[in-house]
Amino acid sequence: MGKRGTPLGIDVGGSGIKGAPVDLKKGDFAKDRLRIDTPHPATPDAVAQVVDQVVDHFEKETGASPIGITLPAVVIRGTVLSAANIDPAWLNTDAAALIKEHTGRAVTVLNDADAAGLAELHYGAAQGERGLVLVTTLGTGIGSALIHDGTLVPNSELGHLEMDGHDAEHLAAASAKVREDLSWEAYIERLQRYYSMIEMLLSPDLIVVGGGISRKSEQFLPQLKLRAPIVPAKLRNRAGIVGAARLAADLAG
Ligand code: BGC
């Protein structure tokens with residue numbers, strides 16, 4: 023695929039909006055990523071303006087090629103249907119239409135964990151896996167991507183399963199470890215309960231764990247007792263951008 027066909031991936035997170043052109047053969051950035059602080063409040067219009075800056079920055083590399091954008095929310099056919107970790111102003115916004123209006127480019131919007139799942143499926147820890155793969159991201163919240171025989175089942179939202187009367191992500195996301203200053207032992211106990219519940223409900227064949235904390239996976243993954251193998255994600259913080267760009271390119275044909 024020539025330079026003009028290089029898709030752009032953009033990851034909209036709580037603290038930063040990050041983008042890079044993606045080399046689909048390698049499953050990696052074709053150029054260093056650009057990061058801009060997420061505006062506060064992170065309303066759709068404010069975020070769309072930052073997205074414009076990222077798009078302009080990579081104009082030379084990506085030309086008129088498709089753009090894939092992740093949001094930490096349920097996204098159905100471009101429209102945002104939940105706002106657990108983003109500004110409530112996003113609810114019912116047609117994010118794909120908004121960004122398309124700003125950029126004039128083909129735009130695909132998807133859930134952040136689903137994007138990470140697609141990246142792990144095509145280029146990372148879930149490559150070539152059949153059966154049921156569950157990719158989870160442990161960060162501010164818990165994101166999840168369910169993939170069956172290589173097909174994503176979008177918007178699974180397993181971070182919101184209930185644990186002790188709370189959203190599981192409130193107790194077991196990486197942010198909970200920091201907020202409550204939990205020891206590894208105490209945090210592992212929560213992860214054990216979380217992933218045991220997932221196994222009981224879904225019987226996955228493979229569990230992949232991403233998010234910043236997966237950099238320290240040797241501190242906690244070997245301690246978890248599960249039937250399914252549980253392994254660290256390979257694309258780490260590149261997963262959202264790579265997965266979003268890949269889906270945008272696939273949908274554009
Ligand atoms: C949101 C998900 C998101 C996850 C990780 C959750 O709070 O509901 O949509 O994937 O956080 O960002």
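If you read the sequence shown in our numbering, its first letter stands for residue 23, the second for the next number, and so on.
Heads up, the beta-carbon is just placed ideally off N, CA and C, and yes, glycines get one too.
Values in this document were obtained by computation on a predicted structure and should not be read as measured data.
For the beta strand (DSSP E) that residue i lies in, which residues bound it at each end?
i	result
L168	I164 to H170
T92	I89 to L93
V34	L30 to V34
D59	L56 to D59
Between which two residues does the alpha helix (DSSP H) harbouring residue i extend?
i	result
I263	A261 to A274
T125	A117 to T125
L243	That residue, L243, is in no alpha helix (DSSP H); it is neither H nor E in DSSP.
I220	W206 to L224
L248	L248 -> no alpha helix (DSSP H), and no H or E assigned at all.
K47	It is not in any alpha helix (DSSP H) - K47 carries neither H nor E in the DSSP assignment.
A183	According to the sequence shown, residue 183 is Leu rather than Ala. No alpha helix (DSSP H) holds L183; DSSP gives it neither H nor E.
P254	From DSSP, P254 is part of no alpha helix (DSSP H) but of the beta strand (DSSP E) over I252 to P254.
G232	G232 -> not in any alpha helix (DSSP H); beta strand (DSSP E) instead, spanning L228 to G232.
When we look at the beta-carbon of residue i and count the other beta-carbons within 10 Å, is it buried (16 or more) or exposed?
i	result
L223	exposed
A208	exposed
G24	Summary for G24: the model assigns pLDDT 38, below 50, so the residue's position carries little reliability; its value from the coordinates is reported in the next sentence. Classification for G24: exposed.
W206	exposed
A114	In the sequence on display, residue 114 carries Asn and not Ala. Exposed: under 16 other Cβ atoms inside 10 Å.
K40	buried
G232	buried
H188	exposed
V200	exposed
P251	exposed
R99	exposed
V34	buried
A203	The question names Ala, but residue 203 is Asp in the sequence shown. By the 10 Å Cβ count, D203 comes out exposed.
V76	buried
V175	exposed
On a CA-only basis, which of the options is nearest residue i? Give me that one, please.
i	options	result
L30	H62, A64, H79 and H188	H79
E191	P88, E207, T158 and G85	T158
K238	Y216, A196 and G265	A196
I58	L243, G36, T84 and D50	G36
I229	E240, A141 and A255	A255
A271	T130, A95, K82 and A119	T130
A68	A86, W112, N107 and L46	W112
L248	A261, R215, A117 and P43	R215
L160	L154, I235, L143 and I252	I235
D227	E151, M185 and L180	E151
Report all residues from its chain with a CB closer than 7 Å to the CB of residue i; omit the five preceding and five following residues, and keep chain order.
i	result
S178	S166, A167 and L168
D109	P63, A64 and T65
Y145	G49, L257 and V264
A274	P88 and A128
Can you list, in chain order, the residues of its chain with a C-beta nearer than 6 Å to that of residue i? Leave out the 5 residues immediately preceding and following it.
i	result
H124	A70 and D74
V96	L103, S104 and N177
R212	L193 and A194
L143	I169
P43	T28, L30, A52, K53, F80, E83 and T84
P94	N107, I108 and D134
A141	L257, A261, V264 and G265
Excluding the 5 residues flanking residue i on each side, which residues of the same chain have their C-beta closer than 8 Å to its C-beta?
i	result
I210	F242, Q245 and L246
G38	R57, I58, D59 and T60
L269	G90, T130, L132, A137 and L140
State yes or no: is the C-beta of residue i nearer than 6 Å to some heavy atom of the ligand GTP?
i	result
A147	The ligand content of the structure shown is limited to the ligand BGC, which means the ligand GTP is not among them.
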